[in-house]
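Asker: First the structure, then my questions, so here it is.
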Amino acid sequence: MELRRLDEEVLEGLLMVAVEDAEPDDVMPPVDGPPGWTAERQQAFRDWHRARRPGLTGPLRESTFAITHDGDVVGSARLARRASHDVLETGVWLGRSHRGRGIGTATLRVLLDEAARAGARAVVADTTTHNAQALGALRRNGATLVAHHDTGDVHAELTPHRTPPPSPSAGAR
Numbered sequence: 015m016e017l018r019r020l021d022e023e024v025l026e027g028l029l030m031v032a033v034e035d036a037e038p039d040d041v042m043p044p045v046d047g048p049p050g051w052t053a054e055r056q057q058a059f060r061d062w063h064r065a066r067r068p069g070l071t072g073p074l075r076e077s078t079f080a081i082t083h084d085g086d087v088v089g090s091a092r093l094a095r096r097a098s099h100d101v102l103e104t105g106v107w108l109g110r111s112h113r114g115r116g117i118g119t120a121t122l123r124v125l126l127d128e129a130a131r132a133g134a135r136a137v138v139a140d141t142t143t144h145n146a147q148a149l150g151a152l153r154r155n156g157a158t159l160v161a162h163h164d165t166g167d168v169h170a171e172l173t174p175h176r177t178p179p180p181s182p183s184a185g186a187r
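Residues 15 to 187 (this note's numbering) make up the sequence shown, in order.
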């Protein structure tokens, strides 16, 4: 598993995985128009990721990465600064056919290393009580989970490694 920065080639691979293996609402903010992966929605997907290329220090204070496994793009991961400079928010999506293989757990480990290099003291993630795979990946990475039973939402807080190793071969590049 590896995280890759999104140049144009990698971005097109990520879009292909999204179109073939995910619903638009699962992988990007809503776009007006008919359902499905319309040309407009595909362009909005590209634009959304391109806007985040400047990374955590850019105007959007967010980075997105393609997740690769065995050389193939299988999903996306993100880190975003919250109001507090030392707290980052994370999110991960994987194409449906790539779930349940430990890729999400491994991705989260690499994101925690990235967060430590960025100076974060905490990483937060939000999911739902029904997302068993996300909850498992969060637990396996040491998350403290707080469930809101009235809404079904779960808030997770993770602690990045205090002394992150140098960028491993499985790290972001």
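For each residue, glycine too, the CB sits at the ideal point set by N, CA and C.
Could you please give the first and the last residue of the uninterrupted alpha helix (DSSP H) stretch that includes residue 114?
Answerer: Walking along the sequence shown from the start, residue 114 turns up at place 100. Element bounds for residue 114: n/a, residue is neither H nor E.
Asker: If you count every other CB in all the chains shown that lies within 10 Å of the CB of residue 144, and 16 or more means buried, which is it?
Answerer: Counting from one through the sequence shown, the residue named residue 144 turns up at place 130. Looking at its Cβ environment, which holds fewer than 16 other Cβ atoms inside 10 Å, residue 144 is exposed.
Asker: For the alpha helix (DSSP H) containing residue 53, name the first residue and the last one.
Answerer: Looking up residue 53 in the sequence shown gives position 39. Counting along the chain, the alpha helix (DSSP H) containing residue 53 begins and ends at 53 to 64.
Asker: By the DSSP assignment, the alpha helix (DSSP H) with residue 154 in it spans what residues?
Answerer: Here residue 154 refers to the residue found at position 140 when the sequence shown is read from its first residue. That run of the alpha helix (DSSP H) goes 146 to 154.
Asker: Mark residue 98 as exposed unless 16 or more other C-beta atoms lie within 10 angstroms of its C-beta, in which case mark it buried.
Answerer: Here residue 98 is taken as the residue at index 84 of the sequence shown, counted from 1. Residue 98 should be labelled exposed.
Asker: Taking 8 Å as the cut-off, decide whether the C-beta atoms of residue 31 and residue 88 are in contact.
Answerer: Residue 31 sits at position 17 when you count from the first residue of the sequence shown. Residue 88 sits at position 74 when you count from the first residue of the sequence shown. Yes, Cβ-Cβ distance for residue 31 and residue 88 is below 8 Å.
Asker: Taking only three categories from DSSP, how would you classify residue 130?
Answerer: Within the sequence shown, the letter at position 116 stands for residue 130. Three-state result, residue 130: helix.
Asker: Any chance the segment 100 to 117 sits against the segment 130 to 148, with 3 or more Cβ pairs inside 8 Å?
Answerer: Judged by Cβ distances under 8 Å, the segment 100 to 117 makes contact with the segment 130 to 148, as three or more pairs qualify.
Asker: Determine the direct distance from the alpha carbon of residue 108 to that of residue 51, and round the result to whole angstroms.
Answerer: Within the sequence shown, the letter at position 37 stands for residue 51. Within the sequence shown, the letter at position 94 stands for residue 108. Approximately 17 Å between the Cα atoms of the pair.
Asker: Would residue 121 and residue 81 qualify as a contact pair, given that the criterion is a beta-carbon distance under 8 Å?
Answerer: Within the sequence shown, the letter at position 107 stands for residue 121. Within the sequence shown, the letter at position 67 stands for residue 81. It is a contact, given that the beta carbons lie within the stated cut-off.
Asker: Return the chain-ordered ranges of every beta strand (DSSP E) run that is complete within the segment 78 to 103 and spans a minimum of 3 residues.
Answerer: Qualifying beta strand (DSSP E) stretches, in chain order: 86 to 95.
Asker: Assuming residue 139 and residue 126 are in contact, meaning their beta carbons sit under 8 Å apart, how far apart are those beta carbons, in whole angstroms?
Answerer: The sequence position of residue 139 within the sequence shown is 125, counting from 1. The sequence position of residue 126 within the sequence shown is 112, counting from 1. Not confirmed; about 11 Å, so no contact.
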